[in-house]
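Step one of this worksheet: look at the structure below.
In the working numbering, the protein residues as written are 30 to 620.
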């Protein structure tokens with residue numbers, strides 16, 4: 030098994046990449062007399078033939094058009110070491126190079142181990158090891174001179190080894206985007222370990238205990254900059270207000286300056302523990318749905334026809350994190366439909382849905398990458414077709430599983446538009462009675478009964494038997510929600526599913542053709558001629574609808590993409606507090 034890749038190994042590769050022994054750096058034929066005592070160290074003396082002066086060699090490093098120039102994005106350490114390799118290459122021999130390094134940056138080099146070789150950097154003040162694979166850091170391998178330690182985008186899950194003998198002068202500790210979780214890590218964030226800490230980055234971990242963490246951070250006397258966004262605890266409504274009031278010396282929280290007005294606004298919140306709830310409140314709103322193909326051609330049916338009456342309705346579905354509590358304000362109670370074990374239940378606000386058919390509109394989501402969270406599917410009430418359907422949907426979710434909610438926001442939600450089609454067939458209530466009568470009374474009575482039946486159908490509305498609904502997904506898209514994990518409170522977007530091309534309805538022949546009565550039909554040319562004459566003799570302003578229909582009959586309407594307005598809001602204090610007070614007031618009035 031190969032040894033873990035260390036910081037020292039990555040540093041040696043870095044030196045080789047700089048080419049400190051290659052022209053124009055190091056010692057070679059281009060400057061050998063200067064280092065072998067054959068010429069004076071005074072720069073004004075003549076340079077031997079075939080060699081270059083130090084000034085000329087430095088110009089080759091600094092000229093942006095030189096093939097030996099460093100790229101503009103290179104670090105200050107890159108320039109320092111290469112220039113030292115030109116002017117005094119003997120300083121880079123042995124351990125001398127470690128004495129020159131005050132800032133070391135090793136980014137995304139696959140480093141797994143912080144080894145004891147770092148102790149050779151006796152002047153090191155800044156160590157940046159971001160975007161590697163470090164899971165454990167031993168403070169015994171860190172130089173005591175460190176003031177900045179950046180370990181973001183690694184796999185650190187435990188601070189115990191780091192806090193055994195931490196650098197006493199450390200001012201910034203960066204642990205963002207790691208695997209810290211649980212109260213066991215919070216006990217290491219006190220003044221006993223970090224007496225001079227000014228800036229602390231714990232963003233995008235899995236910390237959940239806000240009061241417990243604050244009690245530890247309050248012991249840090251010099252802490253002025255704190256990053257906690259992206260943790261599950263940051264999803265609670267009182268998160269920012271509680272921190273602002275609990276840490277009076279804090280000046281910047283999540284990259285946002287804390288002004289005196291904000292501190293005054295949240296004054297006293299830290300002394301109201303009943304308001305500090307470990308839950309998040311999220312409001313989902315769905316607005317206008319546009320671009321649905323008109324299904325009118327499929328539902329035209331005369332009364333008494335043997336074919337079915339087809340009705341269409343449309344609704345929008347979205348996923349939300351499993352384990353939430355619902356608060357429906359004035360809306361019917363959701364109906365849960367249990368599907369297969371891999372798909373979450375569908376909560377519908379208006380009517381029950383068929384189990385097997387519901388699976389159909391979940392199939393697109395099954396092609397997505399596997400998710401680390403479980404989710405339910407919710408739907409707006411179904412509505413009939415219109416050019417613009419105003420869903421006017423709003424649902425507030427209260428979620429106490431903050432870790433699951435974070436995973437859900439990182440993955441995003443799936444929004445779909447679903448069409449529900451119901452076929453209703455006419456029911457002939459007198460069918461059996463007519464059959465028995467026909468057998469007893471003969472053909473003559475059958476005609477009379479048929480006339481009476483037709484008259485009855487004209488007087489009374491027909492009864493219909495409805496088949497189970499048929500559902501099909503018209504469009505599916507993923508909405509990214511990760512900005513809610515940072516400082517954003519609202520995600521508002523218009524989901525664009527593209528232009529739908531509906532299937533053309535089947536061509537139905539005229540009744541006269543079906544019955545063989547087409548012999549009296551007039552020739553097409555004569556029919557067109559009469560239509561033209563009628564159009565000429567029609568007074569201006571009359572017959573406009575017919576002319577428009579004839580024009581539109583040969584033209585295609587401009588297609589409109591299928592779109593739906595989607596919005597998700599993470600409630601923060603004091604908005605969530607006012608919402609809660611309204612609920613409490615409504616409950617009191619109801620009692």
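In this text, a Cβ means the ideal position worked out from N, Cα and C, and glycines have one as well.
Remember, predicted model here, so these are calculated numbers, not experimental data.
Could you check which residue in the options has the C-alpha nearest to that of residue i?
i           : options               : result
residue 57  : 35, 75 and 82         : 82
residue 204 : 229, 510 and 210      : 229
residue 53  : 98, 279 and 325       : 98
residue 496 : 338, 432 and 447      : 338
residue 444 : 347, 525 and 450      : 347
residue 125 : 514, 508 and 152      : 152
residue 194 : 186, 171 and 183      : 171
residue 273 : 160, 198, 243 and 597 : 243
residue 157 : 308, 177, 433 and 141 : 177
residue 271 : 210, 529 and 305      : 305
residue 602 : 149, 299 and 217      : 299
residue 150 : 131, 141 and 159      : 131
residue 433 : 453, 455 and 404      : 404
residue 234 : 109, 212, 251 and 224 : 212
residue 41  : 122, 282, 102 and 101 : 122
residue 520 : 527, 507 and 526      : 507
residue 183 : 526, 442, 199 and 159 : 159
residue 447 : 591, 441, 263 and 454 : 591
residue 345 : 526, 55, 80 and 127   : 526
residue 440 : 511, 197 and 38       : 511
residue 109 : 174, 90 and 516       : 90
residue 455 : 494, 79 and 435       : 494
residue 452 : 499, 263, 424 and 417 : 499
residue 308 : 340, 264 and 294      : 264
residue 127 : 206, 417 and 154      : 154
residue 198 : 179, 225 and 133      : 225
residue 79  : 95, 104 and 59        : 59
residue 175 : 163, 161, 162 and 200 : 200
residue 47  : 100, 416, 111 and 104 : 111
When the distance is taken between beta carbons, is residue j closer than 8 Å to residue i?
i           : j           : result
residue 523 : residue 594 : yes
residue 256 : residue 220 : no
residue 227 : residue 253 : yes
residue 202 : residue 246 : no
residue 222 : residue 181 : no
residue 129 : residue 120 : yes
residue 280 : residue 449 : no
residue 266 : residue 600 : yes
residue 503 : residue 529 : yes
residue 216 : residue 589 : no
residue 261 : residue 431 : yes
residue 419 : residue 316 : yes
residue 437 : residue 350 : yes
residue 598 : residue 518 : yes
residue 282 : residue 414 : no
residue 141 : residue 34  : yes
residue 218 : residue 186 : no
residue 515 : residue 258 : yes
Applying the criterion that 16 or more other CB atoms from any shown protein chain within 10 Å of the CB defines a buried residue, is residue i buried or exposed?
i           : result
residue 552 : In this predicted model, residue 552 has a pLDDT of only 46, less than 50, meaning its place in the structure is not dependable enough to derive any value.
residue 422 : buried
residue 45  : exposed
residue 93  : exposed
residue 550 : Bear in mind that a pLDDT of 46 at residue 550, under 50, signals an unreliable position, so the model cannot answer this.
residue 548 : Low local confidence applies: a pLDDT of 45 at residue 548 is under 50, so the model's placement there is unreliable, with the coordinate-based value given in what follows. Flag for residue 548 reads exposed.
residue 139 : exposed
residue 587 : exposed
residue 72  : In this predicted model, residue 72 has a pLDDT of only 48, less than 50, meaning its place in the structure is not dependable enough to derive any value.
residue 189 : exposed
residue 278 : exposed
residue 62  : exposed
residue 509 : exposed
residue 95  : exposed
residue 161 : buried
residue 251 : exposed
Is residue i near the ligand PLP, in the sense that its beta carbon is under 7 Å from a heavy atom of that ligand?
i           : result
residue 117 : This structure lacks the ligand PLP; in fact it carries no ligand of any kind.
Report the residue ranges of all beta strand (DSSP E) runs contained in full by the stretch 269 to 326; include only those spanning at least 3 residues, in chain order.
309 to 319
Do three or more CB pairs link the stretch 236 to 247 to the stretch 405 to 420 at distances below 8 Å?
no
Three CB pairs or more closer than 8 Å across the stretch 76 to 95 and the stretch 107 to 118
yes
State whether the stretch 288 to 295 contacts the stretch 311 to 325, with contact taken as three or more CB pairs (one from each stretch) at a distance under 8 Å.
no
Quick one: which unbroken alpha helix (DSSP H) runs of 4-plus residues sit fully inside the stretch 196 to 236? Chain order, please.
212 to 215
When you compare the stretch 141 to 149 with the stretch 158 to 168, are there three or more beta-carbon pairs, one atom per stretch, that lie closer than 8 Å?
yes
Counting only runs that start and end within the stretch 94 to 131, where is the alpha helix (DSSP H) found for 4 or more residues in a row?
105 to 116 and 125 to 129
If you scan the stretch 133 to 166 from start to end, which runs of the beta strand (DSSP E) of 3 or more residues do you find wholly inside it?
155 to 157
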